[in-house]
Each structure stands twice: as structure tokens, then as C-alpha cells.
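J.: Residue numbers (UniProt numbering), protein chains in the order written: chain A, 1 to 316; chain B, 1 to 303; chain C, 1 to 552.
Even for Gly, the Cβ is constructed at its ideal location relative to N, Cα and C.
Just so it is clear, the structure is predicted and the values come from calculations on it, not from any experiment.
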Amino acid sequence: MTRYLLRRIGTAVAVLWAAYTVSFVVLWLLPGDPITTMASGGLDGEPLTPAAIEALKARYGFDKPLIAQYGTRLWDALHGDLGTSIQTGQDVRGAILDALPPTLQIAVGGLLVAVVLGTGLALAATYTRFRWLRQVLMALPSLAVSLPVFWVGLMLVQIFAFGLHLLPSVGANGFKALVLPSLTLGLPMGALVAQVLAKSLDTALDEPYVTTARAKGVGRAAIHLRHALQNAAIPALTVLGYVAGNLLAGTVVVETVFTRPGLGRLTVQAVGVQDIPLVQGIVIFASFVFVLVNLVVDLIYPVLDPRIAKGVPATA
Amino acid sequence: MTELLIRAESAEPVSSSVVLAEPPGRGERLRRLLRFLGRRPGLVVSAVVVLLVLVAAFFPAVLAPGDPNLGVVADKLRAPSGAQWFGTDYLGRDVYSRVVHGASLSLQATLIAVAVALVVGGLIGLLAGFVGRWVDESLMRVVDVLLSIPAILLSLALITALGYGTVKVAIAVGIASVANFARVMRAETLRIRQSTYVEAARSVGTRWYVTLWRHVLPNAAGPVLVLAVLEFGLAILAISSLSFLGYGAPPPAPEWGSLIAEGRNYLATSWWLCAMPGLTIAATVLSVNRISRALDGEWRRAA
Amino acid sequence: MSERASEPSDLRPPLLEIEDLDVAYRIAGGRIDAVQGASLTVAEGEVVAIVGESGSGKSTLAQAVIGLLPANGTVTGGSVRLGGASGVTELSGLGEKAFRAVRGRRIGLVPQDPTVSLNPVHKIGKQVGEVLRVHGLADRRTAAIRAVELLGKAGLPDPEIRAGQFPHELSGGMRQRVLIAIATAANPRLIIADEPTSALDATVQRRILDHLDTLREQGTAMLLITHDLGVAADRADRVVVMSGGRIVEQGPVRRILDDPADAYTRRLVAAAPGLSAPARPRVAPVPSGSPIVQVSDLVKEFPLPGRRTLRAVDGVSFEIGRGETLALVGESGSGKSTTARLVLRLADPTSGEVRFDGTDITRAKGGAWRDLRRRAQLIYQNPYASLDPRFSVEDVVTEPLRAFGIGGRAEQRARAAELVERVALPAALLERKPVELSGGQRQRIAIARALALSPDLVVCDEPVSALDVSVQAQVLELLEELQAEQGLTYLFISHDLAVVRRIAHRVGVMREGRLVELRPTEELFTDPAQDYTRELLAAIAGSRRTSVGRTA
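(1) Candidates A:P235, A:T267, A:G110: which alpha carbon is nearest B:L242's?
(2) Could you spell out the range, first to last residue, of the alpha helix (DSSP H) harbouring C:A450?
(3) Can you find a C-beta in chain A that's less than 9 Å from the C-beta of B:A21?
(4) May I have the straight-line CA-CA distance separating C:D20 from C:A38, to the nearest angstrom?
(5) For C:K300, does the three-state DSSP call read helix, strand or coil?
(6) In three-state terms, what does DSSP make of B:F244?
(7) So which residues on chain A does C:T130 lean against when the C-beta distance must stay under 8 Å?
(8) In the region 374-438 of chain C, which residue ranges form an unbroken beta strand (DSSP E) of at least 3 residues, counting only runs that do not cross its ends?
(9) Could you list which residues in chain B have their beta carbon closer than 7 Å to that of C:N382, in chain order?
(10) Just grab the DSSP bridge partners of C:M510 for me.
(11) C:E399 and C:R449 - do their beta-carbons sit closer together than 9 Å?
(12) For the region 175-187 of chain C against the region 125-141 of chain C, are there 3 or more C-beta pairs whose distance is under 8 Å?
(13) When the distance is taken between beta carbons, is A:V239 closer than 9 Å to A:L205?
(14) Is the distance from the Cβ of A:G109 to the Cβ of A:S182 below 9 Å?
(15) Do A:A18 and B:V145 have their C-beta atoms within less than 9 Å of each other?
(16) B:G205 touches chain C at which residues, Cβ-Cβ below 8 Å?
(17) When DSSP builds the beta bridges, which residues end up paired with C:P252?
(18) Do C:I379 and C:A312 have their CB atoms nearer than 9 Å?
(19) Find the residues of chain C that neighbour A:Q135, judging by a C-beta separation of less than 7 Å, and give them in chain order.
(20) Please go through the same chain and pick out, in chain order, the residues whose beta-carbon is closer than 7 Å to the beta-carbon of C:D360, but skip the five residues on each side of it.
(21) Assuming A:A191 and A:P148 are in contact, meaning their beta carbons sit under 8 Å apart, how far apart are those beta carbons, in whole angstroms?
(22) Need the endpoints of the alpha helix (DSSP H) that C:P159 sits in, please.
(23) If I'm right that C:V240 touches C:I247 with Cβ under 8 Å, what's the distance once you round it to whole angstroms?
(24) CB-CB under 7 Å to B:P223, same chain, minus the five flanking residues each way: which ones, in chain order?
(25) Which one or two residues does DSSP pair with C:L40 in a beta bridge?
(26) Tell me the rounded alpha-carbon separation between A:V289 and A:G245.
(27) First and last residue of the beta strand (DSSP E) that includes C:I191?
(28) If the criterion is Cβ atoms closer than 9 Å, does the pair B:W256 and B:S240 meet it?
(29) Can you tell me whether DSSP reads C:D456 as helix, strand or coil?
(30) Spell out the partners DSSP gives C:S243 in its beta bridges.
(31) Would you call the CB atoms of C:S438 and C:V464 closer than 9 Å?
(32) List the residues of chain B whose Cβ lies closer than 7 Å to the Cβ of A:I234, in chain order.
(33) I need the DSSP call for C:R310, collapsed to helix, strand or coil.
(34) Would you mind sorting A:I67 into buried or exposed? The rule is 16 or more other CB atoms within 10 Å of its CB.
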């Protein structure tokens, strides 16, 4: 078990380091001349003066060799220093942490929607004896993953804000303002969870050990919940880890649609002005969250399936 | 099916365990296809939708002869009607024409994205799965890292570095889904490479590159193709999102995502500006996903 | 033994009466009548075996009795009556809820494959106790205590420890004992055992069957489903033979074996490998020239996690003469398949030497390795897995010719037709895909492929163990014919001693990587020198029956 744990943590750290490297390559090497890119001001910003460009070059160490730049920046990042934003001059870490609280609210809301909706739908669809009901229930997730997220958000606004006047269309004030963004964020993820869980429940229910349980005289509901669900939970948990790790990415669109402040908006703004240090900071932060969530998921696996900690392939 | 065949054979002595049923002829196959489609009206509708979208992308004038950028201001913000199926926008431009002509840019971007992901990811996966050992290890670590950065953020980072425009957005989306293809291709390659029939081929003296060409690629093609079609739907969604955020083609060129972004300001009064392009995207993605599901063994299972 | 034979079943009250039972499966575009008009009776304390090949409907019949048919299967007619202390219950058409009270309580099930029939995420004790709790025979605390008792009774060593373990920590045989404990926990009068040992090694199989025998002494009746007539002969009072969904014959075991009335039963009895010694023992050919294969002191180690190694093959030496069939037998993990792969140079040995036709091929690479591919071929256990599903039969058979660039397209076609004919298949099959063929046909195609390059040596790795017995007999016959025609040399790998006795000139017994005993076949079977060999021979299903027959 300790070995399993150490191996997982080691992997997490390695992935994080590699993510840093990838984002460094993409953002600092790919443009050829990042300073010129940033100085152009991108989509929304103003171009910089030549003097300001020289100052930038000196500040970001472009006079030094590439490997030294990488080393310095990685060292700084290890100490929590992600550099400063070009556009605002603010500390990147501070900018991210400032934008985080409103984003966390809808992220948690979205996750709740995803878990409740996904699990409920999958359980109902696999439990029902009516073929038509099952088909209807299972058509819902494939419908939900086919809709553009931003469009769903806009349609929800149209119906609940402009049509029924039940909920606010924009802003971040109070609980009511959380409902629509959380729904928009959670729906596609819940659909994903539902699809995977329903499939693995079906697989589990076809396993010979379910026949054994039925031959004991165990009832349907008990077989569903006590025998199949725990076995089916692992693939669903994997997807949930992936979903939770991707919540931040989802907020990019959702916060734009609902004009909410937060990390997603910050990202859109940073990309808009090609603020490379800020974009890199956000990417690293997102992979940090992703790695963390998946570490937690990895730690739950052995609780659900005793074979995993022992390194037995969990295929049987 | 096999059980029946085995039974038929075991009931007979060897010499007469001959042919059990003639292989299906061409007419029989066509009948089977029609029967298959007849039971699946959803699939037929999906195929028609995809066909229409393809026509719109390559020959938009066939479906919408008018100029998508020409508007009659007097006719602005008209609701959908017999004359203007999808209504008109704030400049009086026909939304239907703009959606049809928008298909061209949106689909082009989607095709580029899927092609990038398929070629790059497919090669990585094939290499990792076939060569194995340290090549596999190192390539798959890179893939893991790509997976640990949420796709849309990776695309955004690439856009920050590359700049804006339809093609750049397409490449950014494509690279963000390289990891998916690499994983599926690797898993398939590995499964087939370790299969008994590949070992059998090797043990009768077939050279490794012949094995790769004759056994591994044809057998891996199916699942990868299914993924490619599925990815096509995902790419449409990702590209329209990025275009909605304003990183695609500059206005007034119509793109499905940017059409919705334009309509957003009139959400309270003119629902069709957002709803119609959105429904088009949804219908396209749904159809593509339905076809992907059909490709994923539905035909074989119905046999 | 004699007691069993002397007590006619009709004197005991009937426990299970199946009358005119029909079961059908709905499938895409129609239905399959899996069981048609089946009638049979199981008396209190009686063991009835249902014997049949795959697709005969024997498992479907058992599933219908316990109400566990797959979702697309239904009982379309007839009746199933279950007797007992609480009166007679009609089971066909019984509601799900009422059936639940029957399952586990009045009928226990021992399933087919113990490795997948226990819930991997629940502890053993909990899974045994669940039966008692479901039927209200124990509460949480007493269930745990009773579970340990039951595990002990099922012959599991250290039941207290086992109860706290998960299924993956137990061997296959131990898991089957757990499943027997589950089936018998609530003291049902009837046990249905569906191929209870076909996934286990022969010696383990015998011990499990012995344990099931002890249940009979406690008055439990058993419906034993098996493909192996030998098992039925050893363990049952009466045998029911099924074919094509119908019962073709039933009666006391001795009558069925000695005087089968039905043609199919006669064929089945004749084909059953364990029931009779072969009519003409195979005599080894006079050795001509040097042996084709010489193996000396062969060792193969596999690395295990934690810097340990597994010695899969441990100092094995033998020779195979030209035109000879040498068989290597052993249970799973004995190293017999690894040895075969080393001989073929499909794996690297750790040490030792392999000579093929006088040439050292232990480390052969490149050109020498490819030359060997022409002269030595392999036939696999699973004929389906060894054929590329996208290839036509012609592609499969001509693949070796293409690999060595032998002949043009037309010549390859002609050769393919010739090969297919030689394995007694019609040429029309050449355009088919493997999926359209039966198991026996597929294995014939694999044999045709192996013959394409006219090899000197053919290694057969469990070539018939995936096939039904009657098909098995046909494929073995074919292998013998081919050997006689072409002077082939076989290295025959099998776990099945009965099969080996039919085909091999000499037999080597392997255990834990070592070659325990290597003797001419008849000598080994009639006068085994090693204890382990004796144990293996005793475990052959049907051997009890033949030995009883001899003493009588």
C-alpha cells in the first residue's frame, strides 16, 4: 500500500514537471519571439513602445541562453513564483488566487450536478425493466454531450432569465446566480459520468459473480447496489477524476457566457492580450489541480477494489 | 451462431461436414443493408444531416444562393418565416445563408483538427505499441502529460503562441486531441501485436513489417476510425467554442461559433440569432456521434 | 459403489421433475429453440449427469431449472416441479420474488468458472454469509461465524483466515470450494453443478469432484452438467445425454456406457478419451538417422516483481526422433508450453542447448532463424485466436508461402486448394472468414497453414482442448493420418492424458519446470514409475469407471 502511494505521488510530481516543460515549450519557444508576440498586444491590448520592449527583454532574461531561462523559471515556479503579468504587472500567482473563489463556487456546483445527475441516470437506466424507458434515459447523455456548452448556457439564460424571469442572467451575486452556471458546467460532465457508469454497470451485471449472487436468492436492488455498483464504480471514478480536473477549463466558456468574474474570464483576457506568463501560470495551475484530483482518485481505487493495491490486474 | 455451426459439424462425420450456408451474394448484402437501415430511422436522418452539412461546406451556393454578408437593414431582426427560414440578424442578413456559408470555415477547421490529431496521434500510438520497451514508455509519458492539461487550456496556450485565425485554431484543437488517438492506437496496436494470430504469422516466417502492414494496421483501423468520427463531433464543439470566444476568423466571415457570439447581444429579443446556429451545430454533432456508434460494431452485431 | 448401482432411482421419492420443457432464445431476426421437450427426474439423494457438447442445451436446461436464464431466454412450455419438505412447487412461471426464496435455499448452484464467479471486491466470509442472511437464517454476527464453519466443511484449510481474504488471494481450486460452501450453506436438497471443474487442473478437478461426492452421503441430490462423459461415468447414478436441444437418451450410467441405444450416444462414448484404452497402442517408429530435435539441460527463467525469478523450465533434456510423436503433459504452470516455444526458438532460453536436425539453434537469429521457420511449425490451442479475423481461409493458408515468396499467385492458390483438401475440408471454404467456420474447421485450417511449407516438425500446443470431444477425435485422427502420409514429427503439448494416450509414441510428464518421467506411452500408462504420474493418471475422468469395470 505504501509502495502504491509513493509510486502515485512520484508519478504526480513527474507529470507536473513535464506539464511545466510542455507549457514552456509551447509558450516560450513556439512563438519564435515571445516578446514581439506579447508586445503586439494581441486581440484587445495596445502595442508597446520600443523602449518598453527592451525593458521587457531584460526583465524576462531573453539575453540569456534558452536552457538557463528554463532553469531559472522552473526554479522560480518551484518556489511558487510564476512571474508577473505583462499586461497588468501583477504577480501571476496573486492574480490566479484572486480569481479563484468565484470559480470554485461554480466548479463545486458543477461537480455536484455532474455526480448526482450522472449516477442517478445510470442507476435508473440500468435498473428499469422497461426497454423503452432505458432507451429514453440513455439517449439523454448522448444528447447532452452533443450540445455546445456555451449555447446551452445561452439557451438556459433565454428560458430561465428572459423567458420565466426566475434567475439572473449574469453576475456572481448570491446563490441564485450560481444555479445556471453550475447547471451549464455540470450537464455535459454528468452526461459523461452517466454514459460510463451505465456501461460499466451493464458489464458488471453480466459477470458470472452476479449469477452466483442471484443463485443465492439475493434480490435485484441488492445485486444492483451491493454487488454491481462497487465493481462498476472504478471506470466511473476515473471519468469523474478527469471531469473534475477539467472543471477549470469548462469555466472558460461558462464564465464568458454568464459574464462572471473568475479564473475562466482571466484566461480569456490573458489569451486576448497574449499575456504569456499569465497564460502559462493558469495552464500550470490547471494541471496542478488535475494531478491533485487524480491523486485523490488513485487513493480511492484500492478502497473500492482490493486487487489494485496488490498490483493484480483488475480485469477478472 | 458458432454454436449452431459446431453442432452441425459434430453431428456429422468429417467428410460430410461440408458447406453450411452459401456466403452472402451482392443482392443479399444490399437487402441486408436496407433492412438494417429500415430498423434505424435515426441513423438514416443522421446520414442525411451529415450529407447536407458536407454539401453546405463545399458547395454552399447549392443550398443558399444568396450572399451571406449582404443585408437589407430595413429587414433586420425578422423572426424565422417562410422567406427567411432562420430569420435575419441585426444588419438584416439572412441567418440561414450565414449558417450555410459558415459551414465551410467550421468544417474546414474540423477536418484539419481531426487530420492533425489522427496523423500525429496515430503515428505516436503505432510507434509506441509496435516498438514497445523504452520508446513506448517515453512516448506514453508525453501523452500522459498532454492529457493532464485540459484540452481547451492546451488549445488556448497554443493560440496564445500561434495567434488567431481558423487554421491556427484548428491546429490547436487537433494537437489537444493527439493524446486520445495516441492512446487508442497504442492500445489497439499492442492488442493485435500480442495476439496469437500475429505470433502465428511471425512463426511461419512473415517479416515484421509485413505483419505491421497486413495484420496490425487493418485490424487497428476500425476502432481508430470510430474514434476519428467521434473526435470529429468533439472538434466541431471545441472549434465553435473557440470561435465563440473570438479566436477564429475575423468578422464579417461567418463561423458557427462566432454567429452565436454575435447573436448573444440580442438574446432577450431575438432568440433565433443564437438558437438557429446552435441547433445546427447540435444536429451535426448528434448525427456524427450516431454514425460513429453505428460504425462501432452495430453492423457486425446485427449480423 | 455397489450400493449405488443396486438401488434403483425410482424407489426414492422424486425431488425434481422436469416434464416436456421447452426453452427458446430470442435473437436478432428470429429465435433459437435451445431446449425442446426435455423430461427428466432427479430423485432425493440421486446424482444425475447431463452430458452433451457445446450447444446441446445442457446449460440452458440447468439455467431454466434455477430460473437464471439470460434476459433473452424464456421457458416456452412444459413444467419443472421441485419437491421437498414444504410440498411440491411448480417452478416454471414462478414469479421473481417467489423464485428468490427457492434459489440458494432449496436449490444451490455451483457455477462453471470459479475464477470469475466470486465478487472480486467482497471478502470471502461475507459472500458465504450472504446466503444465510438473504434467507433469514442468520444475522450479521452469526452469519460470519457460520461462514467460517461452512468454509471449513467445504475443505478449505484455515477457514478463519480465508474468510477475511478477497477472492484474488485464493487459488482456483480454493475458490471452487468457497462456491461449494455458498451452494450448500442453506442446506438445499438439490445442487446444480454446471461444469464445476472444467476450468481446473486435473488433480484439483478430482479433489473437487471427490468433495462433491461427499455431499451425496448427506442426502443431497445433484444435477451435474458436464461435457465430459468420463466425469459423468465416475460420479453419476444416471446419465442424460443431450444433443441439439433434445434429450436423446437417459438411463443408469452402466447401461448408457455398456449398451448405448442411440447413435449419438454411441459416438460420444466411442470418442470419450478417458473411458477406454485405445484399441491399438501406438508403437514408436524405428529410429532412422539422427533425431530431429535434441534438447539438453534447457532452462528458462522469467523475472518476477521484487527481483525474484520464476524457473518455468528447469534443466529439461529430451530427443525427438524422425516421424515420432513426443507428448509433454503437465498441469498449468508446469512449463510444457514454454518448453515448446523454446524448441521453436520463439523465446530465448536462459541456458541449455536446442539442436534442430543437428544444427545448434539455441541462439539462432536472422537467416538461421528464418530457415527454422520453414522447417518447424506451431499449431495453437485456440484456433480462433490464431487466425486473423480479417483474412480469408486462402489468405491464412498461403501466408507462409507469401512470407518465403514461394510461387506466383496462381501457384499459391492451387497449393491452398490442395492443402485445404488434405485436411478434409471442401475447397469452397477458401473464400470464407474464420468467423464463418466452426471450431473444428478452424483448427483444420490452422493445420493446413502449418503444413504449407512441408515442415519436418510440427509443435501442437493443446491443439484439441478447445474442441468438443467428437470433433477432438476427428482432429486427432487427421493428425495421425498426416503423420503416416508425410512422415511428420510431432511435439504434442497437452494437459489431457487421455488425449495423449491416443496419439503419442512417447510421453514426458512435466511438473514445476522439470521433466519427471519420459517413457513410451503404454509403459507409462500401465506402469508409472513416479508418484506424481500415478496421481495424474488417477485423476483422468472415467478412470474410476474403467477400473471398476476391470475388477467386476
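T.: Concretely, from the data shown:
(1) The option with the nearest alpha carbon to B:L242 is A:T267.
(2) Counting along the chain, the alpha helix (DSSP H) containing C:A450 begins and ends at 439-451.
(3) Low local confidence applies: a pLDDT of 44 at B:A21 is under 50, so the model's placement there is unreliable, with the coordinate-based value given in what follows. Judged by the 9 Å Cβ criterion, B:A21 is not in contact with chain A.
(4) The C-alpha of C:A38 is placed about 5 Å away from the C-alpha of C:D20.
(5) It is a strand residue.
(6) B:F244 falls in the helix class under three-state DSSP.
(7) Per the sequence shown, residue 130 of chain C should be read as Glu rather than Thr. The contacting residues are A213, K216, V218.
(8) DSSP runs (the beta strand (DSSP E)) wholly in the region 374-438 of chain C: 376-379.
(9) Here the neighbours are T196.
(10) Under DSSP, C:M510 shares a beta bridge with C:L515.
(11) Contact: yes.
(12) Contact between the region 175-187 of chain C and the region 125-141 of chain C is established, with three or more Cβ pairs separated by less than 8 Å.
(13) No.
(14) A Cβ-Cβ contact shorter than 9 Å links A:G109 with A:S182.
(15) Closer than 9 Å, so yes.
(16) Within 8 Å Cβ-Cβ: R370, R373, R374, P400, A403, F404, L453.
(17) Beta-bridge annotation (DSSP): C:P252 is paired with C:R238.
(18) No; because the gap between Cβ atoms is not below 9 Å, this pair is not in contact.
(19) For A:Q135, none of the residues of chain C pass the 7 Å Cβ criterion, the least Cβ distance being about 15 Å.
(20) For C:D360, the CB contacts under 7 Å within the same chain, skipping 5 residues up- and downstream, are E353 in chain order.
(21) Taking C-beta atoms under 8 Å as the contact rule, A:A191 and A:P148 fail to qualify, at a distance of about 13 Å.
(22) Unbroken alpha helix (DSSP H) run through C:P159: 159-163.
(23) About 6 Å separates the two Cβ atoms, so the contact holds.
(24) If we look at B:P223 and ignore the five residues flanking it on each side, its Cβ neighbours are V184, E188.
(25) Residue pairing from DSSP places C:L40 in a beta bridge opposite C:I18.
(26) The alpha-carbon of A:V289 is positioned some 6 Å away from that of A:G245.
(27) Per DSSP, C:I191 is one residue of the beta strand (DSSP E) stretching across 190-194.
(28) Contact: yes.
(29) DSSP places C:D456 outside both helix and strand once states are collapsed to three, so it counts as coil.
(30) For C:S243, which the question treats as bridged, DSSP gives the partners C:R246.
(31) The beta carbons of C:S438 and C:V464 sit no closer together than 9 Å.
(32) Within chain B, no residue comes near A:I234; the closest Cβ sits about 17 Å away, beyond 7 Å.
(33) Here residue 310 of chain C turns out to be Leu, not Arg, going by the sequence shown. Note: C:L310 maps to strand in three-state DSSP.
(34) With fewer than 16 Cβ atoms within 10 Å of its Cβ, A:I67 is classed as exposed.
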